[in-house]
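Novice: If you want my numbering, it's the position in the sequence shown, counting the first as 1, plus 72.
Using N, Cα and C, we set each Cβ at its ideal position, and we do this for glycine too.
For clarity, every value in this text was computed on a predicted model and none was experimentally measured.
Before I ask anything, let me first share the structure, which is written out below as structure tokens.
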Amino acid sequence: MKMDDLATLAPEHRALLLLPARYAPEPGAMASPEVFQQLGALTRLLHDTLRQLGVMPSLQLAADGLPDARSRLKYIVTKTAEAADKVLNSVDQAKAEHAAIAEQTRALASALLADPDKAVASGAVFNFVDEVEARTQRIDAHLTDIMMAQDFHDLTGQVVAKVVALANDLEDSLVKLLVQVVPPDQRDKVDFSLLHGPVVSTEGRTDVVANQGEVDDLLASLGF
């Protein structure tokens, strides 16, 4: 929105945008019914002005998404914790199986060294083979569980992307709102073509906010 576009607003809307801060009520001032009515009228005027400027719908849409963003972030925390617990439990169980195999191997080796014929005749060798096979199958299952636990990366990645998109939309709406209500004595610091909004490609364009640095520069120029 350019300076000339302010002329398209109703007079009372233009007056609201240029309203000096000194007219704000003093802290602790008692609100009379007249003040309450005036405050309500100003609130309605601000709401209508923002809607007329085209800011309110996009800002409201972004704000409505904040509770959903919080629930999405909680979902990420939950899924990450569940995956971590599953991996740790599977590793502990696999290590226990591995330790049991190592212990049985040492016991069988001692038996074979002491009396090979007795060890074979007693069935210790065949029992060991069966036990190792069963334990290795369980270890393989634990490794599969560890691999499957990593599926949270895909799910949480999608959620993070949506939350980031929401944050970008909210920032864009707030930057536009800030530019539109900048005080008169600071309007020469603002490029009102920034209200054109985001574009797919900023190459060769000087009339859009292309990155976070430009947003930082805009806020710094306005004293924020």
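How big is the Cα-Cα spacing for residue 210 and residue 143?
Specialist: Rounded to the nearest angstrom, the two C-alpha atoms are 37 Å apart.
Novice: Given a cut-off of 8 Å on the beta-carbon distance, is the pair residue 159 and residue 221 in contact?
Specialist: Yes.
Novice: Within the chosen definition, does the segment 228-239 reach the segment 170-190 through at least 3 CB pairs nearer than 8 Å?
Specialist: Contact between the segment 228-239 and the segment 170-190 is absent, because fewer than three Cβ pairs lie under 8 Å.
Novice: Under the three-state reduction of DSSP, which class applies to residue 230: helix, strand or coil?
Specialist: Helix.
Novice: Measure the Cβ-Cβ separation of residue 224 and residue 152 and say whether it is below 8 Å.
Specialist: Yes, Cβ-Cβ distance for residue 224 and residue 152 is below 8 Å.
Novice: Tell me the DSSP secondary structure of residue 212 in three-state form.
Specialist: The answer is helix: DSSP assigns residue 212 an H, G or I state.
Novice: Let me make sure I understand the geometry here. Which of 192, 202 and 150 has the alpha-carbon closest to that of residue 173?
Specialist: Cα-wise, what sits closest to residue 173 is 202.
Novice: Kindly indicate which three-state DSSP category residue 202 falls into: helix, strand or coil?
Specialist: Of the three classes helix, strand and coil, the one that applies to residue 202 here is helix, per DSSP.
Novice: In chain order, what residues of the same chain lie with their CB nearer than 7 Å to the CB of residue 204, ignoring the 5 residues before and after it?
Specialist: 173.
Novice: If you reduce the DSSP assignment to three classes, tell me which class residue 162 lands in.
Specialist: Here residue 162 sits in helix by DSSP.
Novice: Within 10 Å of its beta-carbon, does residue 190 have 16 or more other beta-carbons around it, so buried, or fewer, so exposed?
Specialist: Under this definition residue 190 is an exposed residue.
Novice: Name the two residues that bound the continuous alpha helix (DSSP H) containing residue 189.
Specialist: From DSSP, the alpha helix (DSSP H) with residue 189 extends over 188-193.
Novice: Specify the secondary structure class of residue 223 as computed by DSSP and reduced to three states.
Specialist: Three-state DSSP puts residue 223 in coil, outside helix and strand.
Novice: Within 10 angstroms of the Cβ of residue 248, are there 16 or more other Cβ atoms? Answer buried if so, exposed if not.
Specialist: So residue 248 ends up on the buried side.
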